[in-house]
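Notes to accompany the following structure.
Residue numbers (full-length UniProt numbering): 1 to 209.
Next up, the structure:
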């Protein structure tokens, strides 16, 4: 199986651990460092972290991860998939898909190199340093946390924030709203499917003379 055929590795798998261990003299890059190095190759792969819930994975999610992966050349994208417990605690409701299902879906997105399951819901510099990520990629809209008006503020101040653009007119909330608006239609369709008898395949074997 080639690397293109395999899903992204998990952060606790041996390959991911080994990738971190070889970065013995790692220190985070910054945007100012990148701008001064445009005319020469970077000394190593740029490690980028992006996070989210990724419930009912859609093209907006894929576009976010595509941007995070391609904003800089020679990059390695680590994606944090928030746990069911944290989503319930901080958003007030459980996601439709379990954390295992959401993790598996993100692992099969071609832009993703590594998936970190159940990271801190609000990323911190300490956490991102621990996984040896140089930058955090997210849209620039301030994201409130219990401690601040923008949990990505420290990364912006440190020159370690990469801005992605949101995809208009698509979100998990929008998809759920469509389902709720058409609930009776979907319910009727499902009931009709449940009534359809299961077709059995009959194999006819001819006798050998």
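The beta-carbon is built from N, C-alpha and C at its ideal position, and this holds for glycine as well.
Pop quiz: residue 7 and residue 107 are said to be a contact at Cβ under 8 Å. What is the actual Cβ separation, rounded to whole angstroms?
That pair is a contact at about 4 Å.
Compute the Euclidean distance between the alpha carbons of residue 9 and residue 81, then round it to the nearest angstrom.
In a straight line, the C-alpha of residue 9 is about 13 Å away from that of residue 81.
Assign residue 137 to one of three DSSP states: helix, strand, or coil.
Strand.
For a test of the three-state rule: what should DSSP assign to residue 166, helix, strand or coil?
Residue 166: coil per DSSP, three-state reduction.
In the DSSP output, which residue or residues are listed as bridge partners for residue 51?
In the DSSP output, where bridge partners are listed per residue, residue 51 has 80.
From residue 192 to residue 185, what does the alpha carbon distance come to, in whole angstroms?
Cα-Cα distance, rounded: 11 Å.
Would you call the segment 9–21 and the segment 50–63 touching, i.e. three or more CB-CB distances under 8 Å?
Because the criterion of three Cβ pairs below 8 Å is not met, the segment 9–21 and the segment 50–63 do not touch.
What residue from 121, 136 and 158 has the CA that sits closest to residue 144's CA?
Taking only the C-alpha atoms, the option nearest residue 144 is 121.
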